[in-house]
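Each protein sequence line maps, in turn, to chains A and B. Residue numbering for the first sequence follows the numbering used here, beginning at 26 and increasing consecutively. Residue numbering for the second sequence follows the numbering used here, beginning at 26 and increasing consecutively. Cβ coordinates follow ideal geometry from the N, Cα and C atoms, glycine included. Just so it is clear, the structure is predicted and the values come from calculations on it, not from any experiment.
Number of protein chains: 2
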Amino acid sequence: MSSTRLDVLCIGNAIVDVIANATDALLHTEGLVKGSMRLIDADEAERLYSHMGPAQQVSGGSAGNTAAGLAALGGRAAFIGQVAPDQLGKFYRHDLTAAGVEFITPANDVGLPTARSMILVTPDGHRTMNTFLGAAQHLPASALDEDQIRSSSILYLEGYLWDPETPRFAMVRAIEVAREADRKVAFTLSDTFCVDRHREGFIELLDSGRIDILFANQAEVEALAGIAHLETAVEVIKGKVETLVVTRSEDGALATQAGERADVSAEPIRELVDTTGAGDLFAAGFLFGQARGKSLEQSLRLGAICAAEVIQHYGARPEADLRALAGELAA
Amino acid sequence: MSSTRLDVLCIGNAIVDVIANATDALLHTEGLVKGSMRLIDADEAERLYSHMGPAQQVSGGSAGNTAAGLAALGGRAAFIGQVAPDQLGKFYRHDLTAAGVEFITPANDVGLPTARSMILVTPDGHRTMNTFLGAAQHLPASALDEDQIRSSSILYLEGYLWDPETPRFAMVRAIEVAREADRKVAFTLSDTFCVDRHREGFIELLDSGRIDILFANQAEVEALAGIAHLETAVEVIKGKVETLVVTRSEDGALATQAGERADVSAEPIRELVDTTGAGDLFAAGFLFGQARGKSLEQSLRLGAICAAEVIQHYGARPEADLRALAGELAA
Chain A
26 MSSTRLDVLC IGNAIVDVIA NATDALLHTE GLVKGSMRLI DADEAERLYS HMGPAQQVSG
86 GSAGNTAAGL AALGGRAAFI GQVAPDQLGK FYRHDLTAAG VEFITPANDV GLPTARSMIL
146 VTPDGHRTMN TFLGAAQHLP ASALDEDQIR SSSILYLEGY LWDPETPRFA MVRAIEVARE
206 ADRKVAFTLS DTFCVDRHRE GFIELLDSGR IDILFANQAE VEALAGIAHL ETAVEVIKGK
266 VETLVVTRSE DGALATQAGE RADVSAEPIR ELVDTTGAGD LFAAGFLFGQ ARGKSLEQSL
326 RLGAICAAEV IQHYGARPEA DLRALAGELA A
Chain B
26 MSSTRLDVLC IGNAIVDVIA NATDALLHTE GLVKGSMRLI DADEAERLYS HMGPAQQVSG
86 GSAGNTAAGL AALGGRAAFI GQVAPDQLGK FYRHDLTAAG VEFITPANDV GLPTARSMIL
146 VTPDGHRTMN TFLGAAQHLP ASALDEDQIR SSSILYLEGY LWDPETPRFA MVRAIEVARE
206 ADRKVAFTLS DTFCVDRHRE GFIELLDSGR IDILFANQAE VEALAGIAHL ETAVEVIKGK
266 VETLVVTRSE DGALATQAGE RADVSAEPIR ELVDTTGAGD LFAAGFLFGQ ARGKSLEQSL
326 RLGAICAAEV IQHYGARPEA DLRALAGELA A
């Protein structure tokens, strides 16, 4: 394997989060399932926005959050995603670049604005996401910088990319390029609704041996296996992938890797503020560990440390110095 | 005086805040005075933005914050300000409208984007503002809805509007319309640098009897009077205006009105988080009181209650139910 310039290259939907407080009554009126992510079109986005309260905007997107976490750990991270040539797109690019992430995918005018996810936060702290993919759903395979892919130890992809056809093709091409260059390919199932929508496609990705590292939370791995029992689901899926990582919120996380198994407990926290980005940051820590030759357990611990940081404040990107928090592990 | 449809109509710069953490070293490198607001052009905005960390965007603007506070108290509030027909402008309009503020000034394509203020937050919690006025500096007198002005008990203006010539003319025209309709005119000095820039103009506004209610903090009233002693400065200025309100942070506030004087202490708070918007929200409470026929002291207390709420969280717009917090006073 030739030397690499980057630790991890993340591909995902480039999305700005538009976050507002909401009542349970609003969720009910709008017929929304609390805690879920649904895709909406431009008209629905306009309509829902007009019913939402005053909002704040912060850059998000699952793989983008992971890339920001990697950079905060001192990792060499890059991101590929499609923004439009508009203010939201400039905002998104600024935030990733300012976080130390390489983001060179050009903006593309496809007649749609940069993606935004309208996130309704209910008083119980749950977040219900309504995502208008806009330009993000037009990430073409031609936007991939294949040298960049070949230069990265690990290629990391979010399951959400499977939703629209164009980025799905780009993702499949990226996997091809990475595998030809003998790089690792990592994939996250994103959320249970995403697994429900694409279970067959995801199983085929695994069975064709195109994924090396699979991330899932408990509900997602159970949905993928079609079995509502964690250990049984892990048994079914671990045979399909070299490395399987399952996060379990306050119950910690486990991983299997070529016959080995590791379990870690969750890192202690002072106060749970907002769980958004927990999975994204767990992936950042684990991938950093794997790219830097750490053990399976050390990689899990890195993931747990990063997840613990992000759930103690609002927003899905790290605020503290993750490298300092990780101490020896990030050295 | 004929009946009114609105309690307060606020005119100000329509500005989206772009907020990022920053080190003291960055302020030093950039030659910035901590805690100040400076105006910058498009090139400087671009340059500074590229040096700023990841940011969040929230709607702001001094008079806009006051309008949002008035609505949160149950007041009938409106806002006049200039946005561009772009994403930031839509975001700004959404936030005010969703807060219950009437905002009907049309977007205007003058070749400049909606205003943004890049706010650098240092670890000591201080905020240093770098404002690119963009479209906001092109608010023309023709954008005023004169019926709307005549329909409001109080017209409220921010001193920042005095900076660019076009909105200054609009402001002067708005004052004319309000006075002809026998409405009250309120004005805030905005900040000491603003007073330094426009002391003569502000004194002339007062001496010509065009302002009924003047808001200032201690430093601003001292700068306006040219005397570094609170009580002496109050003596000098109170003769120039029917009602003078001076806010003094943790030392409370005082007001003079036609021979009467009232002093209130600050409301107790649990934790000081972010002082941005304290003056804007104090004005909201006081104006609500005056529009609803409350006494001078009651109006000051309403101001103190609103200011206390906004400094206990990040951001310059209220999050709690101000009407409930104010209890009997808002009834």
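{"Check": "Who are the neighbours of Y74(B) on chain A, taking C-beta pairs under 8 Å?", "Outcome": "H119"}
{"Check": "Fully enclosed by the segment 43 to 112 of chain B, which alpha helix (DSSP H) runs are 4 residues long or longer?", "Outcome": "49 to 55, 67 to 76 and 87 to 97"}
{"Check": "Quick one: list the residues of chain B neighbouring G78(A), beta-carbon separation under 9 Å, in chain order.", "Outcome": "D120, A123 and A124"}
{"Check": "Please say whether A161(A) and Y181(A) have beta carbons closer to each other than 8 Å?", "Outcome": "no"}
{"Check": "Any idea if T48(B) is buried or exposed, counting beta-carbon neighbours within 10 angstroms, 16 or more meaning buried?", "Outcome": "exposed"}
{"Check": "Verify the CB distance criterion: does R342(B) have a CB-CB separation below 8 Å to chain A?", "Outcome": "yes"}
{"Check": "Going by beta carbon distance, what residues of the same chain come within less than 6 Å of E247(A), once the five residues before and after it are set aside?", "Outcome": "A253 and A258"}
{"Check": "Can you find a C-beta in chain D that's less than 8 Å from the C-beta of D305(B)?", "Outcome": "Included in the structure are the protein chains A and B, with no chain D among them."}
{"Check": "Could you pull the start and end residues of the alpha helix (DSSP H) that I144(A) belongs to?", "Outcome": "Segment A140 to V146 is the beta strand (DSSP E) holding I144(A); no alpha helix (DSSP H) there."}
{"Check": "Using a Cβ-Cβ cutoff of less than 6 Å, which residues in the same chain neighbour L57(B) once the five nearest sequence positions on both sides are dropped?", "Outcome": "T153"}
{"Check": "Which same chain residues, not among the five before or five after L350(B), have their C-beta less than 7 Å away from its C-beta?", "Outcome": "I330 and E334"}
{"Check": "Assuming D42(A) and V83(A) make a contact with CB atoms under 8 Å, what is their CB distance in whole Å?", "Outcome": "5 Å"}
{"Check": "Which bits of chain B does V83(A) rub up against, with CB to CB less than 9 Å?", "Outcome": "P79, A80, Q81 and Q82"}
{"Check": "Quick check for students: name the residue ranges of the beta strand (DSSP E) that lie wholly in the segment 120 to 204 of chain A, counting only runs of 3 or more.", "Outcome": "140 to 146, 152 to 157 and 177 to 183"}
{"Check": "Under 8 Å by Cβ, that's how I've got V202(A) and E171(A) pegged, so tell me the actual separation to the nearest angstrom.", "Outcome": "5 Å"}
{"Check": "Could you give the distance in angstroms between the alpha-carbon of N242(A) and the alpha-carbon of R175(A)?", "Outcome": "29 Å"}
{"Check": "At what residues does the alpha helix (DSSP H) containing D221(B) begin and finish?", "Outcome": "T217 to D232"}
{"Check": "Which residue's Cα is closest to the Cα of D237(B): A39(B), T281(B), D276(B) and T272(B)?", "Outcome": "T281(B)"}
{"Check": "Measuring CB atoms only, is the segment 34 to 41 of chain B touching the segment 102 to 117 of chain B, in the sense that at least three cross pairs come out at less than 8 Å?", "Outcome": "yes"}
{"Check": "Rounded to whole angstroms, what is the Cα-Cα separation between V266(B) and P131(A)?", "Outcome": "57 Å"}
{"Check": "Let me know the secondary structure DSSP gives L34(B) once reduced to three states.", "Outcome": "strand"}
{"Check": "With DSSP run on the structure shown, which of helix, strand or coil describes L279(B)?", "Outcome": "strand"}
{"Check": "Would L306(A) and G125(A) be called neighbours here (beta carbons separated by less than 8 Å)?", "Outcome": "no"}
{"Check": "Sort A355(B), F128(B) and L158(B) by Cα distance to Q173(B) and report the nearest one.", "Outcome": "F128(B)"}
{"Check": "Should H53(A) and Y74(B) be called a contact, given that it needs their Cβ atoms to be closer than 8 Å?", "Outcome": "no"}
{"Check": "Starting from the C-beta of R342(A), find all residues in its chain whose C-beta is less than 6 Å away, skip the five residues before and the five after it, and write them out in chain order.", "Outcome": "N90 and A93"}
{"Check": "Note down the Cα distance separating S11(A) from A140(A), rounded to an integer number of angstroms.", "Outcome": "The question about residue 11(A) has no answer, for chain A in this structure spans 26 to 356."}
{"Check": "For A355(A) versus G328(A), is the C-beta spacing smaller than 8 Å?", "Outcome": "no"}
{"Check": "Please determine, among G100(A), L230(A), M143(A) and V146(A), the residue with the shortest C-alpha to C-alpha distance to E183(A).", "Outcome": "L230(A)"}
{"Check": "List the endpoints of the continuous alpha helix (DSSP H) containing D288(B).", "Outcome": "Looking at the DSSP string, D288(B) is not in any alpha helix (DSSP H); the run it does join, the beta strand (DSSP E), is E285 to V289."}
{"Check": "Let me make sure I understand the geometry here. Which of Y339(A), A316(A), G310(A) and L269(A) has the alpha-carbon closest to that of R348(A)?", "Outcome": "G310(A)"}
{"Check": "Any beta-carbon of chain B closer than 8 Å to the one on F157(A)?", "Outcome": "no"}
{"Check": "Tell me, please, which residues DSSP counts as bridged to I330(A).", "Outcome": "In the DSSP output, where bridge partners are listed per residue, I330(A) has none listed."}
{"Check": "Cβ of R141(A) versus every heavy atom of the ligand MN: is any distance shorter than 7 Å?", "Outcome": "The ligand MN is absent from the structure shown, which contains no ligands of any kind."}
{"Check": "Quick one: list the residues of chain B neighbouring P131(A), beta-carbon separation under 9 Å, in chain order.", "Outcome": "Going along chain B, no residue has its Cβ under 9 Å from P131(A), so there is no contact; the nearest lies around 18 Å."}
{"Check": "Any idea if A67(A) is buried or exposed, counting beta-carbon neighbours within 10 angstroms, 16 or more meaning buried?", "Outcome": "exposed"}
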